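The sequence shown begins at 31 in our numbering and counts up one residue at a time.
Glycine is no exception: its CB is placed at the ideal position from the N, C-alpha and C atoms.
Computed from a predicted model, the values in this text were never measured in an experiment.
One structure is given here, and the rest of the page talks about it.
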Amino acid sequence: MSMTTANKIKKSALHLFVEKGYDGTSLTDIGDEVGIKKQSIYAHYKNKDDLFLQVMEKVINEEISFLGDYFGKQKDKTINNILYYFILQLKERYQSVGERNIKFLLKMMFIPPRHLEERVISSAFNYYDSLQTYIKEAFENHEDELEVNAEEGTISFMNFIDGLLVELIYVNVDQFEKRFSISWKIYWRGIEKQM
Numbered sequence: 031m032s033m034t035t036a037n038k039i040k041k042s043a044l045h046l047f048v049e050k051g052y053d054g055t056s057l058t059d060i061g062d063e064v065g066i067k068k069q070s071i072y073a074h075y076k077n078k079d080d081l082f083l084q085v086m087e088k089v090i091n092e093e094i095s096f097l098g099d100y101f102g103k104q105k106d107k108t109i110n111n112i113l114y115y116f117i118l119q120l121k122e123r124y125q126s127v128g129e130r131n132i133k134f135l136l137k138m139m140f141i142p143p144r145h146l147e148e149r150v151i152s153s154a155f156n157y158y159d160s161l162q163t164y165i166k167e168a169f170e171n172h173e174d175e176l177e178v179n180a181e182e183g184t185i186s187f188m189n190f191i192d193g194l195l196v197e198l199i200y201v202n203v204d205q206f207e208k209r210f211s212i213s214w215k216i217y218w219r220g221i222e223k224q225m
């Protein structure tokens with residue numbers, strides 16, 4: 031099945047927004063990558079903002095779908111494994127050359143285009159709320175194994191992951207892995223039920 035021109039434009043825009051950021055990407059760049067003139071993009075999108083917001087919506091929907099798939103397959107796992115491997119999945123997907131969704135989402139959540147900030151943050155909260163719902167459900171299903179209740183576990187994990195994501199975006203993978211390894215041991219000891 032061949033990709034429509036509109037989808038080729040979105041795919042190219044996603045790639046360039048990840049590599050160059052919103053401000054560093056022009057419609058001409060996108061057109062060149064797709065093999066069309068800049069003016070042809072206007073047959074599919076009103077302007078760069080419209081294209082960006084449609085890419086954002088597509089990415090968020092796909093990432094929410096990923097969350098559903100990931101957490102749906104974790105029902106028989108321990109809470110330690112569910113959370114630990116979720117973070118590893120984020121890191122691996124962030125590093126993957128072919129995987130641009132998570133890079134786009136994280137970069138835009140932390141550094142949205144200034145004039146679209148409210149809309150980006152509002153959209154990103156859909157993802158964040160879905161993630162929080164899945165995390166809370168995991169904690170609720172394993173409360174008997176933990177020193178914290180589901181709400182405390184959810185809030186603490188969301189804060190924990192926020193710090194690691196900043197590390198992943200702004201520093202490098204080696205630092206991320208070192209900090210994750212050390213921090214996870216301490217975090218887990220703090221929430222697991224003491225025998």
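Could you check what DSSP says for E93 in three-state terms: helix, strand or coil?
Three-state result, E93: helix.
Please state whether DSSP places E222 in a helix, a strand or coil.
Looking at E222 - three-state DSSP - the assignment turns out to be strand.
When DSSP builds the beta bridges, which residues end up paired with L176?
L176 pairs with E222.
Please report the straight-line C-alpha distance between K105 and S160, rounded to a whole angstrom.
Going from the Cα of K105 to the Cα of S160 covers about 17 Å.
On a CA-only basis, which of E197, M139, A43 is nearest R209? Give me that one, please.
It is E197 whose Cα lies nearest to the Cα of R209.
Using alpha carbons as the reference points, say which of V64, H45, D53 lies closest to T34.
With distances taken between Cα atoms, T34 lies closest to V64.
Taking the alpha-carbon of E222 as reference, which of V201, Y200, A180, L194 has the nearest alpha-carbon?
Nearest C-alpha to E222: A180.
Is it true that the CB of I90 sits closer than 8 Å to the CB of I39?
Result no, Cβ atoms of I39 and I90 do not sit closer than 8 Å.
Out of Q205, L195, I212, point me to the one whose CA is closest to F116's CA.
It is L195 whose Cα lies nearest to the Cα of F116.
List the endpoints of the continuous alpha helix (DSSP H) containing D106.
No alpha helix (DSSP H) contains D106, which DSSP labels as neither H nor E.
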